[in-house]
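Colleague:
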Amino acid sequence: MASSDPFSSSVIPFEVPEQMRAFAEKGVSQARDSYAKFKDVAESNNGTIEAVFTCASKGASEYSAKLMEMMKANTTASLDFAQELLAIKSPSEAVELWTSHAKKQFEAITAQAKELAELSQKVAAETVEPIKTNASKLFKPAA
Numbered sequence: 001m002a003s004s005d006p007f008s009s010s011v012i013p014f015e016v017p018e019q020m021r022a023f024a025e026k027g028v029s030q031a032r033d034s035y036a037k038f039k040d041v042a043e044s045n046n047g048t049i050e051a052v053f054t055c056a057s058k059g060a061s062e063y064s065a066k067l068m069e070m071m072k073a074n075t076t077a078s079l080d081f082a083q084e085l086l087a088i089k090s091p092s093e094a095v096e097l098w099t100s101h102a103k104k105q106f107e108a109i110t111a112q113a114k115e116l117a118e119l120s121q122k123v124a125a126e127t128v129e130p131i132k133t134n135a136s137k138l139f140k141p142a143a
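Position 39 of the sequence shown, counting from 1, maps to 39 under UniProt numbering, and the rest follow consecutively.
What follows is the structure, given as structure tokens:
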């Protein structure tokens with residue numbers, strides 16, 4: 001008695017032509033190669049992303065530490081100024097002290113702003129470096 005399964009090989013004799021089989025094998029081989037390349041790039045990019053976050057975290061810590069240092073210096077200067085104000089005996093001394101303090105604070109804030117800008121540039125450059133390194137590996141310049 002014949003099988004009632006319509007997909008049974010006894011009902012539908014089907015043979016894959018050799019060209020079709022070679023084409024399919026070539027496709028599978030190319031897919032494997034592409035997957036291997038993709039996996040290598042993904043692993044490399046994961047390392048790059050990890051390096052970027054490590055640099056950014058380190059930079060943020062440096063920046064925070066610098067801000068705390070500056071805040072401490074500015075607070076100390078303000079408290080010293082307040083203490084000096086208590087010892088003043090005339091309005092002219094007050095104006096002189098106030099002017100002197102304002103000049104010192106302006107110079108300090110200008111120097112601090114410059115220092116923070118330099119630190120920001122350094123952190124940005126260090127953070128971008130892993131990306132640049134990975135990109136140069138992926139996209140080699142044409143000869």
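Even glycine gets a Cβ: it sits at the ideal position worked out from N, Cα and C.
Counting C-beta neighbours from all protein chains within 10 Å, is the total for T127 16 or more, i.e. buried, or is it exposed?
Modeller: T127 is buried by the Cβ-count criterion.
Colleague: Pop quiz: Q105 and A82 are said to be a contact at Cβ under 8 Å. What is the actual Cβ separation, rounded to whole angstroms?
Modeller: With 8 Å as the limit, Q105 and A82 do not qualify as a contact, their Cβ atoms being about 13 Å apart.
Colleague: G59 and V123 - do their beta-carbons sit closer together than 7 Å?
Modeller: The answer is yes: Cβ separation under 7 Å.
Colleague: Tell me whether E43 sits in a helix, a strand or coil according to DSSP, three-state version.
Modeller: E43 falls in the helix class under three-state DSSP.
Colleague: Using 8 Å as the cut-off, can you tell me whether the stretch 61 to 72 makes contact with the stretch 112 to 120, which would need three or more C-beta pairs spanning the two stretches below that distance?
Modeller: The stretch 61 to 72, when compared against the stretch 112 to 120, does touch it at the 8 Å Cβ threshold.
Colleague: In whole angstroms, what is the alpha-carbon distance linking residue 147 and P130?
Modeller: With the chain represented from 1 up to 143, any question about residue 147 goes unanswered, as that position is not in the structure.
Colleague: Would you call the CB atoms of M70 and Q112 closer than 7 Å?
Modeller: Taking 7 Å as the Cβ cut-off, M70 and Q112 qualify as a contacting pair.
Colleague: Quick test of your reading: N134 and S57, contact by CB under 8 Å. State the CB separation rounded to the nearest angstrom.
Modeller: Between S57 and N134 the Cβ distance is about 18 Å, and since that is not below 8 Å, they are no contact.
Colleague: In its own chain, which residues sit with a C-beta less than 6 Å from the C-beta of residue 148, not counting the 5 before and 5 after it?
Modeller: Outside the modelled stretch of the chain, which goes from 1 to 143, sits residue 148, for which no answer is possible.
Colleague: Taking the alpha carbon of F139 as the point to measure from, which residue in E62, V41, N74 has its own alpha carbon closest?
Modeller: The option with the nearest alpha carbon to F139 is V41.
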